[in-house]
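**Student:**
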Amino acid sequence: MSDLILYELQGCPYCAKVKDKLAELDLEYESQMVPSAHAERTEVEAVSGQTGVPVLVDEEHGIEGMAESDDIVDYLEETYGSAA
1 MSDLILYELQ
11 GCPYCAKVKD
21 KLAELDLEYE
31 SQMVPSAHAE
41 RTEVEAVSGQ
51 TGVPVLVDEE
61 HGIEGMAESD
71 DIVDYLEETY
81 GSAA
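Heads up, the sequence shown is in the UniProt record's numbering, so the first residue is 1 and it goes up one at a time.
1. My parser needs the alpha helix (DSSP H) runs of 4 or more residues fully inside the region 11-71; what are they?
2. Please report the straight-line C-alpha distance between glycine 49 and glutamate 43, rounded to a whole angstrom.
3. What number of angstroms, rounded off, separates the C-alpha of glycine 62 from the C-alpha of tyrosine 75?
4. What three-state label does DSSP hand leucine 76 in the structure shown?
5. Rounded to whole angstroms, how far is the Cβ of serine 31 from the Cβ of glutamate 8, which I believe are closer than 8 Å?
Here you go:
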């Protein structure tokens, strides 16, 4: 099992942006699909304090629920980019 977990929604362009960066950096991750209704996204809300996606968890680096696709992409580049 990967240390990276991505909470995402099918067809979400912001999620696709993060997935593209994960693929570019050749990173394995666990995908957690969330319900389309915000009210039903209790798991992602428990992790991040909000119901929007994408949300990234990186257990190895102590990231427990990073939201905002631009922040996630920047984080992945900074943390894993030099290893690629």
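No residue lacks a Cβ here, since even glycine has one placed at the ideal position from N, Cα and C.
**Tutor:** Quick look at the numbers:
1. Correct list: 13-24 and 42-48.
2. Indexing the sequence shown from 1 puts residue 49 at position 49. Indexing the sequence shown from 1 puts residue 43 at position 43. So the two alpha carbons sit approximately 10 Å from each other.
3. If you number the sequence shown from 1, residue 62 lands on position 62. If you number the sequence shown from 1, residue 75 lands on position 75. Approximately 12 Å between the Cα atoms of the pair.
4. Taking the sequence shown and counting its residues from 1, the one referred to as residue 76 is at position 76. Looking at leucine 76 - three-state DSSP - the assignment turns out to be helix.
5. Numbered from 1 along the sequence shown, position 31 holds the residue referred to as residue 31. Numbered from 1 along the sequence shown, position 8 holds the residue referred to as residue 8. Contact holds; Cβ gap of about 6 Å.
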